[in-house]
Every structure is written in structure tokens, then in C-alpha cells.
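The structure under discussion appears below in the form of C-alpha cells.
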Amino acid sequence: MKKEVRDVVFPSQFLGDVNQYKAGQGTFVENGKIYAERIGIQSIRNGVITVTPLKGSYEPHAGDVVIGIVEEVSTSTWLVDINAIYPALLHVNEVPWRVEFGDTARYLNYGDAVMAKVLSSNEPDRLQITLKDRGLYKINGGAIIEVEPTKVPRVIGKNGSMITTLKKFTNSRIFVGKNGRIWVDGEIDAIQKIEKAVRLIERDAHTYGLTERVIALLKNDGR
14 MKKEVRDVVF PSQFLGDVNQ YKAGQGTFVE NGKIYAERIG IQSIRNGVIT
64 VTPLKGSYEP HAGDVVIGIV EEVSTSTWLV DINAIYPALL HVNEVPWRVE
114 FGDTARYLNY GDAVMAKVLS SNEPDRLQIT LKDRGLYKIN GGAIIEVEPT
164 KVPRVIGKNG SMITTLKKFT NSRIFVGKNG RIWVDGEIDA IQKIEKAVRL
214 IERDAHTYGL TERVIALLKN DGR
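Residue 14 is where the sequence shown starts when you use the numbering used here, and the numbers rise one by one after that.
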């Protein structure tokens with residue numbers, strides 16, 4: 014019988030030998046043995062051991078597509094909350110509009126949401142993002158649902174299976190940002206269903222049979 018819950022491991026807990034497995038994210042190697050670097054959920058896939066933290070803030074990486082919220086407007090830049098420790102800088106040169114000096118608020122104002130891409134992340138207090146790429150834009154309409162950034166892979170599902178399920182049963186447009194923000198565009202009741210499903214995924218991300226439970230919830234009108 015398949016076990017229901019993946020293993021919870023603790024810092025410095027022994028996980029395996031390097032002659033059997035490869036050390037993945039959240040682990041470290043010492044004297045040929047693999048140990049947990051943090052408290053989290055251990056997973057083994059394709060011979061690689063990883064430990065996903067139970068909770069944690071978003072750690073930006075260059076190329077990540079995120080959902081940001083404008084929190085400050087200046088004459089030639091915007092500061093955007095991307096759910097990281099520090100806000101990201103968006104310069105007028107990195108938007109698809111020709112913005113005159115001092116006219117930034119006409120295009121993006123406080124509280125506006127954007128689909129953006131992380132440009133650099135070497136220094137956490139000097140993050141930069143861009144809107145100058147395909148699929149990046151100012152968000153109009155819909156709703157934003159927040160989820161633990163560490164649970165994003167589970168919301169998406171293997172090969173996009175979970176997100177496909179959510180779209181199929183709600184007839185909604187959904188985008189999951191790497192930073193734990195989900196944009197949903199659809200009918201009010203569909204958005205409510207999706208939020209309930211996301212909360213279920215967030216709560217039970219470490220369990221098996223999750224897709225079946227999400228489908229059951231969506232079929233039962235979100236109850």
C-alpha cells in the first residue's frame with residue numbers, strides 16, 4: 014500500500030549515500046553522506062534527494078516570471094512588491110510604453126499589479142524586473158490569490174496537471190507566479206472554487222492523492 018504522507022526531515026538528518034543518490038536542493042554532503050539542510054519534506058525523484066521547506070519566503074532567480082504589486086512610484090522608476098524580502102525596481106526602460114519623465118503614475122500607479130520577469134538577483138536588495146518580453150503586462154481584472162511560495166510546484170502539478178485540472182473544472186484563466194501569487198480571471202463563483210482548491214493544495218501539499226481530492230472539491234461546487 015502506498016504511504017500517504019512524504020517524510021518530514023530535520024536539519025542534519027541522514028538521508029542517503031552519494032553512491033546511491035544525488036544531493037539536490039535543501040541537502041548537503043559530508044563524508045559521502047547526504048544530510049538535510051533544513052526542516053522540510055524529503056522527496057526522491059530520478060535518484061535525486063531534495064528537501065522542500067515547509068514554509069519560506071520567495072527567493073528570486075533571474076528569469077522567474079512573477080506577479081508584482083506596485084508599492085512606490087517615482088519620476089522614472091517603480092518599486093514593486095514581488096513577495097521577496099526586498100522590493101524589485103522597475104525602470105521606465107523596462108516597460109513596453111514610452112514614458113515621459115515624471116509621468117510614471119499614468120502608466121502604473123500604487124496598487125497596480127503586473128506580470129513581470131526577474132532580471133537579476135545576485136544582490137537581494139537590488140532586484141530588477143522587466144515587462145519587456147512576451148507574456149508580460151499590466152494586469153487588468155481578475156483576482157490574485159496568495160499561496161506559500163514553496164507550494165507553487167504542487168499548485169502547478171507534475172507536467173502542469175494540477176493547473177490544467179483547475180482550468181478545466183472552472184473554465185477560468187489562471188497564471189501561477191513563481192513568487193506564490195496566482196492570477197485568476199473568471200466568474201466570481203469560479204474564482205471562489207479555485208481559492209478553496211488552492212487552500213486545499215496548500216494544506217495537503219505533502220500528501221498523495223491530492224489531485225483526486227481537488228477534483229472532488231471542484232465537482233461538489235467547492236464545498
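Ideal Cβ placement from N, Cα and C applies to all residues, glycine included. Being a predicted model, the structure only gives us computed values, none of them experimental.
Inter-residue CB distance, residue i and residue j (contact presumed, cutoff 8 Å)
i	j	result
Glu-107	Lys-145	6 Å
Thr-90	Leu-103	6 Å
Ile-207	Leu-179	6 Å
Pro-66	Gly-39	7 Å
Glu-225	Val-160	Actually they do not touch by this definition, with Cβ atoms about 20 Å apart.
Met-128	Ile-80	6 Å
Gly-76	Lys-130	7 Å
Ile-142	Trp-196	Wrong, their Cβ atoms sit about 16 Å apart, outside the cutoff.
Val-93	Ala-101	5 Å
Gly-154	Asp-198	6 Å
Val-78	Lys-164	So it is not a contact: roughly 17 Å between Cβ atoms.
Ser-25	Tyr-48	5 Å
Pro-166	Gly-193	About 11 Å separates the two Cβ atoms, so there is no contact after all.
Lys-209	Leu-230	6 Å
Phe-23	Ile-52	5 Å
Asn-122	Val-86	6 Å
Collapsed DSSP secondary structure at residue i in the structure displayed
i	result
Thr-117	helix
Asp-20	coil
Glu-84	strand
Gly-191	Note that residue 191 is Lys in the sequence shown, not Gly. Correct three-state label for Lys-191: coil.
Asp-217	coil
Asp-202	helix
Arg-212	helix
Lys-15	The predicted position of Lys-15 is uncertain, since its pLDDT is 39 and thus under 50; a value taken from the coordinates is nonetheless stated next. DSSP places Lys-15 in coil when its eight states are reduced to three.
Val-42	strand
Ile-98	coil
Gly-173	helix
Val-79	strand
Thr-178	helix
Gly-154	coil
Val-197	strand
First through last residue of the beta strand (DSSP E) which encompasses residue i
i	result
Asp-94	90–94
Val-131	126–133
Leu-144	Leu-144 -> no beta strand (DSSP E), and no H or E assigned at all.
Ile-54	53–58
Val-112	Premise fails: Val-112 is in no beta strand (DSSP E) and is neither H nor E.
Pro-66	61–66
Gly-29	27–30
Any non-hydrogen atom of the ligand SAH closer than 6 Å to residue i Cβ
i	result
Ile-47	No copy of the ligand SAH occurs in the structure displayed, which carries no ligand at all.
Alpha helix (DSSP H) segment containing residue i, residue limits
i	result
Glu-225	223–232
Val-168	165–169
is_contact[residue i, chain B] using C-beta, thresh 7 Å
i	result
Gly-193	Among the chains in the structure shown there is no chain B, since it carries only a single protein chain.
Quiz prompt | Inter-stretch contact (C-beta, 8 Å, three-pair minimum) for the segment 55–63 and the segment 164–178 | solution = Between the segment 55–63 and the segment 164–178, the count of C-beta pairs closer than 8 Å stays below three; the two stretches do not touch.
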